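Enquirer: Residue numbering for the sequence shown is 549 to 614, as defined by my numbering.
Quick one: this structure, given as structure tokens, is what I'll be asking you about.
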Amino acid sequence: MDSSGIGLIMGRYKRVMFRGGKAAVTNVGNEIERIFRLSGLFKIIERYATPEQAVAGLNKRGGQDK
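This is how it looks when you write it as structure tokens:
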């Protein structure tokens, strides 16, 4: 993933948040985890092991940013 991929993720994140939605990632591999960590994406997008955990976690916290 390069800067255009990060830009795409940020654009989608902003669109989802603008519409009152919630965003998370699941099943993140080592390379993508590294990119998210270095780019700071994990500061705004939650990470969960499974989709089920993501749904439960986002519902529990109300989708508020960290």
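Positions of the beta carbon are idealized from the N, C-alpha and C atoms, including for glycine.
This structure is a prediction, so every number in the text was calculated from the model and none was measured.
Tell me which residue opens and which closes the beta strand (DSSP E) that V603 is part of.
Expert: One-based indexing of the sequence shown puts residue 603 at position 55. Looking at the DSSP string, V603 is not in any beta strand (DSSP E); the run it does join, the alpha helix (DSSP H), is 599-609.
Enquirer: Per DSSP, what kind of secondary structure is K614 in: helix, strand or coil?
Expert: Numbered from its first residue, the sequence shown carries residue 614 at position 66. Note that K614 scores 41 on pLDDT, short of 50, meaning its location in the model is unreliable; the coordinates nonetheless yield the value given after this. Three-state result, K614: coil.
Enquirer: Between the C-alpha atoms of K614 and R595, what's the straight-line distance to the nearest angstrom?
Expert: Here residue 614 corresponds to residue number 66 of the sequence shown, with the count starting at 1. Here residue 595 corresponds to residue number 47 of the sequence shown, with the count starting at 1. Its pLDDT being 41, under 50, K614 is placed unreliably in this model, and the coordinates cannot settle the point.
Enquirer: Do you know how far the Cα of K562 is from the Cα of L556?
Expert: In the sequence shown, counting from the first residue as 1, residue 556 sits at position 8. In the sequence shown, counting from the first residue as 1, residue 562 sits at position 14. Each residue's alpha carbon lies about 10 Å from the other.
Enquirer: Quick check on R595: does DSSP put it in helix, strand or coil?
Expert: Reading the sequence shown from its first residue, position 47 is the one you call residue 595. DSSP places R595 in strand when its eight states are reduced to three.
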